[in-house]
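When we follow our numbering, the leftmost residue of the sequence shown carries the number 1, and every step to the right adds one.
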Amino acid sequence: MDNIEEVSFEMTQLLHRQLVTGADQFASLLQSSEELVYEEGFYKTGPTIFGLTITEMASSKQHCDIYIPVSAPIPTAELAYVDQIGCDSALHLRVPFNKGIEAGLQAMTQSLQSQGRHYADRVYIALTRVYGEYWADLFIPLEEN
Numbered sequence: 001m002d003n004i005e006e007v008s009f010e011m012t013q014l015l016h017r018q019l020v021t022g023a024d025q026f027a028s029l030l031q032s033s034e035e036l037v038y039e040e041g042f043y044k045t046g047p048t049i050f051g052l053t054i055t056e057m058a059s060s061k062q063h064c065d066i067y068i069p070v071s072a073p074i075p076t077a078e079l080a081y082v083d084q085i086g087c088d089s090a091l092h093l094r095v096p097f098n099k100g101i102e103a104g105l106q107a108m109t110q111s112l113q114s115q116g117r118h119y120a121d122r123v124y125i126a127l128t129r130v131y132g133e134y135w136a137d138l139f140i141p142l143e144e145n
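Laid out in structure tokens, this is it:
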């Protein structure tokens, strides 16, 4: 994977939900987050972001944080408001959602391990729809050596 790069990222004004789910449920979680009904005057302002633990990715169940950027804080019974998420230094790669996430994560972690870099056991996946297809921006936060 040639397009791996080091970046910083930050997202602000987010609705947050934490749950335990299986990898086979990501598509339905994505669809339900895209179809949320917002009150008049409030709207989604960016890509839906999933936060996952890398070492849980092969498990049948994993802890998942869902972040939805919105125009104003509108917490509900299921969604809490978060001011911001992000990190100063992360490894980044963009891949097709339906066939690139696993291979992309493997390439990224192998690259980091071969360089002796320390990284968090966490990946943020920002999902963006482009011409009817979803693309995944993978971000692995880096730690200082």
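Beta carbons: idealized from backbone N, C-alpha and C, even for Gly.
Note that this is a predicted model, so its numbers are computed, not measured.
Spatial distance of residue i from residue j (CA atoms)
i    : j    : result
I54  : A136 : 15 Å
Q13  : G22  : 27 Å
E143 : L91  : 11 Å
L52  : S60  : 13 Å
E6   : V123 : 14 Å
For residue i, the nearest candidate out of the options (CA to CA)
i    : options              : result
P69  : S59, G46, R94, T76   : G46
V130 : E56, V7, R94, T21    : R94
D24  : A58, M11, S71, R17   : A58
D65  : A72, I49, E78        : I49
T76  : H16, G132, I140, E10 : H16
Assigned secondary structure, residue i (DSSP; H/G/I helix, E/B strand, else coil)
i    : result
T138 : Position check: residue 138 holds Leu in this sequence, whereas Thr was assumed. Correct three-state label for L138: strand.
D24  : helix
E144 : coil
Cβ-Cβ separation, residue j to residue i (assumed contact under 8 Å), whole Å
i    : j    : result
M108 : L138 : 6 Å
M11  : Y67  : 7 Å
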